[in-house]
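Working notes, beginning with the structure itself.
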Amino acid sequence: MTNGRYGKHGGQYIPEILMNAIIELEESYNYYKNDYSFNNELNSLLREYAGRPSLLYYAKKMTEDLGGAKIYLKREDLNHTGSHKINNVLGQVLLAKKMGKKRVIAETGAGQHGVATATAAALMGMECEIFMGLEDTKRQALNVFRMELLGAKVHAVASGTQTLKDAVNETMREWATRVGDTHYVLGSVMGPHPFPMIVRDFQSIIGKEVREQIIDKEGRLPDIAIACVGGGSNAMGLFYDFINDPSVELIGCEAAGKGIDTEYHAATIAKGQLGIFHGMKSYFCQDENGQIAPVYSISAGLDYPGIGPEHAHLNDIKRAKYVPITDAQAINAFEYLSKVEGIIPAIESSHAVAHAMELAPKLSSDKIIVICLSGRGDKDVAAIAKYMGVEINE
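If you're matching positions, the sequence shown starts at 1 in full-length UniProt numbering and goes up one per residue.
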């Protein structure tokens, strides 16, 4: 990465009004990332508040049932607030406080990033507002209530497809009106530089821990690392520490929805084209006129028309591979992991589990797969029940 570019991707495509805020953010991050006091405070929060390091769990029953490769699960679902999102949010909110900001805002799709931001804001005594697509507030009503309990104000965005893309639009507009006292806690490895770098750095703790844990358990690196990708923060967190280890295959699983041959998917690498949106150059799902196309996934967290610029670059140079996983495959994996290992995964993470279920039986027993279980599935139970036609009385 040079000056915010990952090959031909990345950059800073933003309105002039945000330029000073972006420069201030980059300068502050470059200072604090090397500051002993900042890192000491962040590491203490990650350890004492978020519960790190998260476990690397050997999925013995899954391995025996599927046959073939040994499967490990990186249990980000065990973090405080139930997902990997807390890693990035603790870093960004602490950074915002050091910068003298009084207020944080954030977008959220599945609600996990919104809950994590509201939690960190409550902990650090900052005002917090969350923007969420109206459709997503219905799909993830439990997380909306959680955010409100934590003291955040939740805005339901009724424009566009009323999903994550529209929540990002609204959060950027809001940031432009109050850059003086507000930090935008961007939730994935996307947006204008330096956000993709900052989020990647804060999430890279996932891969660093996996490296130490798998060497401790197996005496060597994994053969394959798999994670789901929407914007791609948990995947980049897992991948980053292994990019210079060519023996480790990196695989991202994107949302194929009802199939990539239909209009109902969010498979950006499989079907997207180069474009500029939300402050970055990357691959996006677009219509025949180059406009951002509506996308679909059963997973609110993967329901986004683009992918982070570093992922787009890793795809270009063939260092990582990206595969589409349908709703049906993800739901099958959701049920499978719940019944076989007693772990209910987020529907986002279920996309990665689904690909591992296909891959493991084709590999020999001396191969090792690590799956990033990015979040827990409590939030998705009602949506899955509805999909399956099961009525739940709450």
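We put the CB at the ideal spot given by N, CA and C, even for glycine.
Quick caveat: nothing in here was measured; it's all calculated off a predicted structure.
- Secondary structure of I23 (DSSP, three-state): helix.
- Pairwise C-beta distances place the region 263–282 out of contact with the region 330–345, as fewer than three of them are shorter than 8 Å.
- In this structure, K101 sits away from M124, with a CB-CB distance that is not shorter than 8 Å.
- It is roughly 14 Å from the alpha-carbon of N30 to the alpha-carbon of S37.
- Cβ neighbours of E218 within its own chain (closer than 7 Å, five residues either side excluded): I368.
- The C-alpha of R220 is placed about 19 Å away from the C-alpha of I251.
- Counting along the chain, H113 sits inside the alpha helix (DSSP H) bounded by residues Q112 to M124.
- The beta-carbon separation of G237 and G191, rounded to 16 Å, does not stay under the 8 Å limit for a contact.
- For the pair A333 and S350, the Cα-to-Cα distance works out to about 6 Å.
- Annotation for S338: I344 place their beta carbon closer than 7 Å to its own, counting only its chain and skipping 5 residues before and after.
- With distances taken between CA atoms, T262 lies nearest to S297 out of F284, C228, S297 and K281.
- Cβ atoms of A120 and H113 stay farther apart than 8 Å, at about 11 Å.
- Collapsing the DSSP output to three states places E391 in coil.
- Between the region 133–144 and the region 220–231, the count of Cβ pairs shorter than 8 Å is below three; the stretches do not touch.
- Counting only unbroken stretches of 4 or more residues, the alpha helix (DSSP H) elements lying wholly within the region 125–193 are 134–139, 141–149 and 164–177, in sequence order.
- By the C-beta density criterion, E348 is buried, having at least 16 other C-beta atoms within 10 angstroms.
- Look at the beta carbons and you see the region 185–201 touching the region 227–243: at least three pairs across the two are nearer than 8 Å.
- In this structure the region 77–95 lies against the region 370–385, because at least three pairs of beta carbons, one per stretch, are closer than 8 Å.
- Straight through space, the alpha carbons of M280 and G10 are spaced by roughly 5 Å.
- Only residues of its own chain outside the window of five on either side were considered, and among them L42 have a CB closer than 6 Å to the CB of L94, listed in chain order.
- Contact check for K70 against T63 passes: the beta carbons are separated by less than 8 Å.
- Ranked by Cα distance from H183, the first of F239, K138, M126 and P15 is M126.
- For R211, the enclosing alpha helix (DSSP H) has its first and last residue at I205 to E218.
- Contact between the region 284–299 and the region 193–209 is absent, with fewer than three C-beta pairs closer than 8 Å.
- With contacts defined by Cβ atoms closer than 8 Å, I325 and H355 form a contacting pair.
- Distance from G308 to P194 at the Cβ level is roughly 13 Å; contact not present, criterion being Cβ atoms closer than 8 Å.
- The Cβ neighbour count for I198, taken over all protein chains shown within 10 Å, is at least 16; the residue is labelled buried.
- By the beta-carbon neighbour count (other beta carbons within 10 angstroms, threshold 16), G389 is exposed.
- The Cβ-Cβ distance between V157 and M147 does not fall below 8 Å.
- Taking 8 Å as the upper bound for CB-CB distance, Q203 and N88 are in contact here, some 6 Å apart.
- Nearest neighbour of E16 by Cα position, chosen from A176, G111 and A320, turns out to be A176.
- Minimum Cα-Cα distance from F239 among the listed residues A50, F145 and N315 corresponds to N315.
- In this structure, Y72 lies near Y57, with their beta-carbon atoms less than 8 Å apart.
- By the CB criterion at 8 Å, D303 and L164 fall inside the cutoff.
- Under the three-state reduction of DSSP output, L55 falls in the coil class, being neither helix nor strand.
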